[in-house]
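Worksheet for the structure shown next.
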Amino acid sequence: MVITQKRPIKNNSVLSKYFTYSNCLILIFFIVSFIGILNHEMWRDETQAWLLARDSSTIIDLYQNLKYEGHPGLWHLCLFFIAKFTHNPFSMQLFHILISTASVYIFVKLSPFNIIEKTLFTFSYFSLFEYNLISRNYNLGLLLVFMFCYLFTSQNRNYILTFLSLALLANTNIYGLIICLCLSLTLIIDTVRLYKIGQYQPDSKRARNLTIGLIILFLGIGLSIFQLFPAAVQDTAKDIQQNIGEQTVVSRFDFIFIMLKRLGYAIRAIWYSYVPIPDFFEYHFWSHNIVRNNYFLILFASLVSLFLIFFSTLIFINKPLALFFYLSATSGILIFTWLKFQGTLRHHGNLFIIFLASIWISRCFKESYNIPKLFHIHKITSYCKKNHKRVITIILVIQMISGIYAYSMDLIHPFSKSKVAANYIKKERLNESFILADKNTIVSPISAYANLKIYYLAYDKLGSFFDNPQTKFIKNQSELIDKIKLEIQDSKIKNILILSYPLKIQTNDLKFTKLKYFDNSIVGEERYYIYAVERNNN
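Take any residue in the sequence shown, note its place counting from 1, add 1, and you have its number in my numbering.
Okay, structure coming up:
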């Protein structure tokens, strides 16, 4: 009897140890994510990284191909090693949700947020959808920021691992580099503070670890800047031209108007990232906020953005380290958005990551009342401090609603028609044909899914990923047909043409037969028209 009574007690202890709410939350997130990627059709920016990794023969070749990507190569390097084992792009998606699950694990298990906040964040827009189902380098940034927050707020800080997380963060993307620089300054400031109050005694071991950590950090930042520099030089002229049109000279008034317009957009990036409410009435909802077409809502979003910055400043004002990081990182990204690249929701999401990281840091350090005393703002800061959890919860609830909506839309509707078009090509054995396309930016996802190379007429070359720093276009369908005449094969191999638009003109020299067309996806421009092409012998 004693033995039989002990067994259930032991089993109960095992159950209570592993079947906790947090473990179930993480498991549910992974299962939901796995179902999500099974039903997510990747668009061209996702498959671009995969194609670069798949079709680069060496690491040197990979970094050469990355020259004008505008991203450091950490994500691509990970994919490079995966692609050596399989050419199935689903492996990238699986790897991506493993990173997302690791981020959720750190947030749920190790962060100072309460269980409601952890649950809401787990199924928030960026955690569930944008940085989870869509396989880009941004979720590596999320993971590394959370890793830093945990290491930075640990009682026994490991400087080598902490600086390593920052060095890796710098090599995710330009936003990761900006956040890395601000977190690095935050870490250095705190280390100096601890040294001054006698809580950090740099003995030989600590000094060595700190030195090694700093070397790792500087190497990581230097490598990131080295990789970003060619694209930065290339894009600066292009970005200026896009914003002032084809004019070589603009009036002072026009220039001021353009810069004020860009400044307004940069400020609204706070709204877009904190409150990513999609346009529920728009089928092509992705990256479109509900306020985009209404001037009154745009004004409202601008005012709320200013309020959120002001409110966040006040809730962090008693925590100088969190305040410094929040203001420096947020300002850095807003200035970049204003002056360099306006970006879309996936880029603006980094502002929300900064907000969460600032809360994490603020909850792990003691309060300092020097700043409120200096500016005599005790009442307003105490009011914001008292209500900040409510505001955070409201933001996270909106994030969760948006995340579930975006996830559901992706589950029900095709995100891109690239996968189904590639499946058709493989099913009909058209992958054995000579495949042509007008340009690589739209058609390249088919190359990833069908594991083939395509002849891109705009660039007059066979390839997969888009790698030309100078974007080229075929001006009209007459020019397209002239190029096809020069390139189609006269042998027994079939010639297949893939376009993202219907062919509207014909020629006596060529015969075009429409085989299939695929349209109506969330990414509207990724629709495909597939034609068989042969010379007309009549």
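Glycine residues also receive a C-beta, built at the ideal position from the N, C-alpha and C atoms.
As the structure is a prediction and not an experimental result, all values here were calculated from the model.
- Minimum Cα-Cα distance from Tyr530 among the listed residues Tyr456, Thr192, Asp439, Gln200 corresponds to Asp439.
- In this structure the segment 440–447 touches the segment 33–49; the number of beta carbon pairs closer than 8 Å is three or more.
- Looking at Ile83, Leu264, Leu162, Ser252, the one whose alpha-carbon comes closest to that of Gly344 is Leu264.
- Contact between Leu511 and Ile485 is confirmed by a C-beta separation of about 6 Å, below the 8 Å threshold.
- Asn452 and His88 do touch by the CB rule: their CB atoms are close to 5 Å apart, below 8 Å.
- In this structure, Leu437 sits near Leu458, with a CB-CB distance shorter than 8 Å.
- For Glu480, the enclosing alpha helix (DSSP H) starts and ends at 478–488.
- Counting C-beta pairs with one atom in each stretch, the segment 141–148 and the segment 55–63 have fewer than three that are closer than 8 Å, which means they do not touch.
- The beta carbon of Ile117 lies closer than 7 Å to those of Thr394 in the same chain, with the five residues before and after it left out.
- According to the DSSP assignment, Val534 belongs to no alpha helix (DSSP H) but to the beta strand (DSSP E) extending over 529–536.
- Leu224 and Val105 have their alpha carbons spaced roughly 28 Å apart.
- DSSP, read as helix, strand or coil, puts Gly464 in strand.
- Collapsing the DSSP output to three states places Phe311 in a helix.
- The C-beta distance from Ala407 to Phe124 rounds to 11 Å, too long to fall under 8 Å, and the pair is not in contact.
- Distance check between Tyr176 and each of Ile334, Ser136, Phe108, Leu328 places Ile334 closest, using alpha-carbon atoms only.
- In this structure, DSSP gives Leu458 a state outside helix and strand, which the three-state scheme calls coil.
- Sorting Tyr284, Pro113, Ile198, Val33 by C-alpha distance to the C-alpha of Tyr151 places Pro113 at the top.
- With three or more CB-CB distances shorter than 8 Å, the segment 153–170 counts as touching the segment 183–201.
- With distances taken between CA atoms, Tyr139 lies nearest to Leu170 out of Ile494, Leu170, Phe467, Val109.
- Where Leu67 is concerned, there is no enclosing beta strand (DSSP E), because DSSP gives it neither an H nor an E.
- Following the DSSP letters along the chain, one finds Asn294 in no beta strand (DSSP E), marked with neither H nor E.
- In its chain, beyond the 5 residues on either side, Val109, Lys110 have a beta carbon closer than 7 Å to the beta carbon of Ser23.
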